[in-house]
Amino acid sequence: MNFYISSSSRAKLFIAVLTFVLLTVALDGALELYAARKTSKDRWIENKIYKSAHLSKRDPGETDYIFIGSSRTIFHISTAVFADYDQRIYNFGVSGMTLYDFPYFAQKAAAQKPKTIVLNISVNDLFSDNSEKKDLFDETTAIDLLYIYATQPWDIKLPATKGYFRSFHRLLIYNKAIYVRLKQLFGTFSVNKNEDVQAEDPSMRVNSLKPDYQALADCRIFDYNAPSKYKTVAKCENGDGILFGHYIPVDFKGTQGKLSGMNEDYIRLLNKILDDIQATHIQPIVVLEPIFQSRLVYNLDQIKQKLHTKTVIDLTGYPVPREDWADTGHLNHKGRHAYTKHLAKTLQSAFSESK
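Numbering of the sequence shown is given in my numbering, commencing with residue 11 and proceeding in unit increments.
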């Protein structure tokens, strides 16, 4: 069999490959320019790089608390409610983020010189049987990678390294946002056909009543999207996110079980982040996020002994009415308001006791 490739064929192949590379570079550049133009003091794109750019528009020292976390931070924390308690905060939550993304967040937050940085995590992730998935490295930065290499085993280092190099291709970072925009453009919102309509709150069924979301919000909304007929996602100028709607399957009864065997790799990374925050003379706090109807059993004293911070606030079992959840993992606008009010009071009390 003759595997000889003619000069003409090699030239065509080279041109095809070069064209592909140039188009990829051009697309990445265009996406980067678009994202940069869409980021200002009152506009932001929900990924870690551009949410941090939104944070950087603030003057250093003007924030008391910066809350770091995932979608359970961005949709659970109300800047306005904290303002009612004379506490200036920034909601540094980004959907899809895990502890492996926190080194970057913590460094950017520390640059703003807040009094306190609050790390929001799930109690599940502190235990070996419930550790985070090892394939969530969509936006790994060099800072994150340094922390991962200093604290994690190779089964974490390898996918994190792949994620770091993959993140150079901006389309892979912005693909979720692009998909949402395309769904909005063509109006083809997908809905689970097995949903039991009796399980959701008819007053918040977004496609039927179309309520005035701005009137329900405590911040100025600049963007919406509707991932289903039961939920609308709003983005606010101040960095907050809000979920409107309610859908909980009727047969979902919450989370139960006994947590044992702490995840030492996870704790090692968390403690390095906590140590480095304290090295900047900023107080770190860990908040264990609420879980829908949690009946989890675990040793809180053991957690407190393991973590390198004076303050661990456990809100795993914070009682939230069923109708105040947007879904099984996130609070809606009503739950968000009540939860933030409770958290603001708890933080106020914790600091008054420490004085």
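Cβ coordinates follow ideal geometry from the N, Cα and C atoms, glycine included.
Quiz prompt | Closest by C-alpha distance to residue 329, when choosing among 320, 276, 346, 135 | solution = The residue with the shortest Cα to Cα distance from residue 329 is 346.
Exercise. If I'm right that residue 173 touches residue 148 with Cβ under 8 Å, what's the distance once you round it to whole angstroms?
Key: 6 Å
Practice problem: With a threshold of 16 other CB atoms inside 10 Å of the CB of residue 260, please say whether the residue is buried or exposed. | Solution: exposed
Practice problem: State the start and end residues of the unbroken alpha helix (DSSP H) segment that holds residue 281. | Solution: 274-289
Self-check item: Continuous beta strand (DSSP E) stretch holding residue 89: start and end
Solution: It is not in any beta strand (DSSP E) - residue 89 instead sits in the alpha helix (DSSP H) that spans 89-94.
Quiz item: Are residue 150 and residue 132 close, meaning C-beta to C-beta below 8 Å?
Solution: no
Quiz prompt | Closest Cα partner of residue 253 within the set 74, 85, 306 | solution = Closest option to residue 253, Cα to Cα, is 85.
Quiz prompt | Beta-carbon proximity list for residue 325, same chain, < 8 Å, skipping 5 on both sides | solution = Excluding sequence neighbours, residue 325 sits near 297, 298, 299, 300, 349, 352, 353, 356.
Quiz item: How about residue 65 and residue 125: are their beta carbons less than 8 Å apart?
Solution: no
Exercise. For residue 116, count neighbouring Cβ atoms within 10 angstroms of its own Cβ and tell me buried if that reaches 16, exposed if not.
Key: Buried is the call here.
Self-check item: Alpha-carbon spacing of residue 72 relative to residue 83, whole angstroms
Solution: When the Cα atoms are used, residue 72 and residue 83 turn out to be separated by approximately 20 Å.
Quiz item: Hey, which unbroken runs of the beta strand (DSSP E) at 3 residues or more fall wholly within the stretch 224-269?
Solution: 231-238, 241-246, 251-255, 265-268
Quiz prompt | Opening and closing residue of the alpha helix (DSSP H) in which residue 173 lies | solution = 164-176
Quiz item: Between residue 120 and residue 127, what straight-line distance do the alpha-carbon atoms span, to the nearest angstrom?
Solution: So the alpha carbons of these two residues sit roughly 8 Å apart.
Quiz item: Are the beta-carbon atoms of residue 303 and residue 263 separated by less than 8 Å?
Solution: yes
Quiz item: Excluding five sequence neighbours on each side, which residues of the same chain lie with their C-beta closer than 8 Å to the C-beta of residue 338?
Solution: 258, 259, 262, 302
Self-check item: N-terminal and C-terminal residue of the beta strand (DSSP E) that residue 127 is part of
Solution: 126-131
Self-check item: Opposing strand residues paired with residue 321 [DSSP bridges]
Solution: Answer is 295.
Exercise. Could you check how far apart the C-beta atoms of residue 336 and residue 241 are, in whole angstroms? I think they sit under 8 Å.
Key: 6 Å
Quiz prompt | Other residues of its chain near residue 90: CB distance less than 7 Å, five sequence neighbours each side excluded | solution = So the qualifying residues of the chain are 228, 229.
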